[in-house]
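In UniProt numbering, the protein residues as written are 1 to 332.
Structure, rendered in structure tokens:
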């Protein structure tokens, strides 16, 4: 009887952490994403205005330091609320997006590394990152459409309202010949294609840099373990110092952004196309052709500088928050 109880206890201890682990990863992943997006919300608003060639800000997008001028103009004209316009929808989108992304990545790495040819390879992390990005994108994309519309709209634009409820109703009524749900997936194909290098390269780069820091720069980049508490810790990997984790996260964001940016430009234009012509659906190829004819190859990289300025702190804060919360919760 005693042996049976001991076996049950061991079985419970073995099984329960699995479900608890996934739940905790889901929760802290969402928190990490929300924290990072809040930090860069004003820059995100300006980037969308630049990417979509908003008439009120198109001249600023071509100027040196135009990003900072745009932030200042929005703040003077509309106050702090103007800089965070659409942020509530952003948080509604980013929590499930980031939560799913980190959870799927953790599980996907285990799966891909269980394949002998992929074990302990960079390709496993690239595939896991791409898988995580795609899964989270499918679940959160409608929120992205709504958020972009809200961020694009200004009091002087043709948009009737930039409240979430009104934006949803407007999107639903566009393209009368199509099912309304498809209106919330404008540019989805481009997003899917862009997510492969974006998610894959960002997670691959982060894993590569953190392992490099732990192995090659251990004395400088890792936190020395306290011998009085080392036995109580469950994590096997050394914890990185704040600067090392922030640097690895920031660089991973820059790499991912660079690889996927042209896809993002075309996607943004498709997402707001319904505002300019609600009855017409523009394909990705037509959108790309329009950009090329109007601006050449530079048109596919409009706002990239502000993109770097945004993703560097965003990814730095996201990965740092995620890893720090994992450390506090003793998650491996």
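Even for Gly, the Cβ is constructed at its ideal location relative to N, Cα and C.
Would you list the residues sitting across from residue i in a DSSP beta bridge?
i           : result
residue 340 : Past the boundaries of the shown model lies residue 340; the chain is included only from 1 to 332, so the question cannot be answered.
residue 222 : 240
Please classify residue i as buried or exposed, where buried requires at least 16 other C-beta atoms within 10 Å of its C-beta.
i           : result
residue 230 : Interpretation of residue 230 is limited by its pLDDT of 48, a score under 50 that renders its predicted location unreliable; the figure taken from the coordinates is listed afterwards. Per the 10 Å Cβ criterion, exposed.
residue 11  : Its pLDDT being 43, under 50, residue 11 is placed unreliably in this model, and the value from its coordinates should be taken loosely. So residue 11 ends up on the exposed side.
residue 173 : exposed
residue 114 : exposed
residue 267 : buried
residue 66  : buried
residue 117 : exposed
residue 333 : The structure shown does not extend to residue 333, since the chain is modelled only from 1 to 332, so the question has no answer here.
residue 130 : buried
residue 45  : buried
residue 328 : exposed
residue 217 : exposed
Looking at residue j and residue i, is the spacing between their C-beta atoms short of 8 Å?
i           : j           : result
residue 264 : residue 194 : yes
residue 91  : residue 37  : yes
residue 136 : residue 101 : yes
residue 187 : residue 97  : no
residue 201 : residue 126 : yes
residue 134 : residue 192 : yes
residue 146 : residue 168 : yes
residue 79  : residue 150 : no
residue 60  : residue 310 : no
Residue i: which of the options sits nearest, CA to CA?
i           : options            : result
residue 54  : 114, 123, 143, 148 : 148
residue 204 : 255, 243, 183      : 255
residue 163 : 123, 220, 270, 82  : 82
residue 247 : 318, 180, 290, 287 : 318
residue 77  : 21, 57, 192        : 57
residue 23  : 87, 103, 45, 75    : 103
residue 62  : 323, 306, 322      : 306
residue 206 : 240, 298, 223      : 240
residue 214 : 258, 190, 189, 244 : 244
residue 286 : 190, 165, 139      : 190
residue 143 : 94, 35, 120        : 94
residue 259 : 59, 51, 308, 21    : 308
Between residue i and residue j, which are expected to be in contact by the criterion C-beta below 8 Å, what is the C-beta distance as a whole number of angstroms?
i           : j           : result
residue 84  : residue 41  : 5 Å
residue 28  : residue 325 : 4 Å
residue 18  : residue 99  : Between residue 99 and residue 18 the Cβ distance is about 17 Å, and since that is not below 8 Å, they are no contact.
residue 152 : residue 49  : 7 Å
residue 253 : residue 312 : 6 Å
residue 284 : residue 270 : 6 Å
residue 242 : residue 320 : 7 Å
residue 106 : residue 25  : 6 Å
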